[in-house]
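Enquirer: So in the numbering used here, spot 29 of the sequence shown is number 143, and the numbers just go up one at a time.
Ideal Cβ positions, reconstructed from N, Cα and C, are used throughout, including at glycine.
Small disclaimer: the values here were computed from a predicted structure and weren't measured.
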Amino acid sequence: MTLSAANTSPIHVYTTQTLSLDLGLRRIFQWTFLVGNVSTPIIGADFLYNFRLVPDISKQALLDSETNIKCHCILGNSRIHSIKTVSGDSVYHELLRKFPDITKPPRPDQEIKHSVVHYIETNSRPVTAKARRLAPDRLRIAKRNLRT
């Protein structure tokens, strides 16, 4: 099997391997990975989606949306800054062929072709809520989860 990298170079896949990962989120993630010819391991969006994991780039963390626990991550640098689209014949693929620039990040020297400005108007105080105790049944569940 051969996959396509973001820079369109081929990634040769040799086999699959089922591994159990401990990411420091108080549960083990078992997944069947593709083993291929890459210099850096890649965890795909399918893995994140399946286990309901959400990357928070600004806080350099990975959030487990099932347990609400997060672990600290180290961000790496990428030399490739583009979006890879899959070829096909649907109406969506036709739109991407018609407007190829929407899959590329803007360049700093790129001329803006519109006058649209996005902003959020705020004219009142921020919404807040006072801290309060958990309901007894939820407190028991939280304590039980913290012990494991």
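Which same chain residues, not among the five before or five after residue 116, have their C-beta less than 8 Å away from its C-beta?
Expert: 124, 125, 126, 127, listed in sequence order.
Enquirer: When you measure from the CB of residue 216 to every non-hydrogen atom of the ligand FAD, does any distance come out below 7 Å?
Expert: In terms of ligand content, the structure shown is empty, and the ligand FAD therefore cannot be addressed.
Enquirer: Quick check: the Cα distance between residue 162 and residue 168, rounded to an integer number of angstroms?
Expert: So the alpha carbons of these two residues sit roughly 7 Å apart.
Enquirer: Which word fits residue 178, buried or exposed, when buried means at least 16 other C-beta atoms lie within 10 angstroms of its C-beta?
Expert: Label assigned to residue 178: buried.
Enquirer: Sort 175, 189, 223 by Cα distance to residue 154 and report the nearest one.
Expert: It is 189.
Enquirer: Indicate the three-state DSSP secondary structure (helix, strand or coil) for residue 119 in the structure shown.
Expert: If DSSP states are grouped into helix, strand and coil, residue 119 belongs with coil.
Enquirer: Mind checking residue 209: buried by the 16 CB within 10 Å criterion, or exposed?
Expert: That one is exposed.
Enquirer: Which residues in the same chain have their Cβ closer than 8 Å to the Cβ of residue 176, if we skip the five residues on either side of it in sequence?
Expert: 137, 139, 167, 168, 169, 170, 184, 185, 187, listed in sequence order.
Enquirer: In its own chain, which residues sit with a C-beta less than 6 Å from the C-beta of residue 143, not counting the 5 before and 5 after it?
Expert: Hits under 6 Å: 135, 165.
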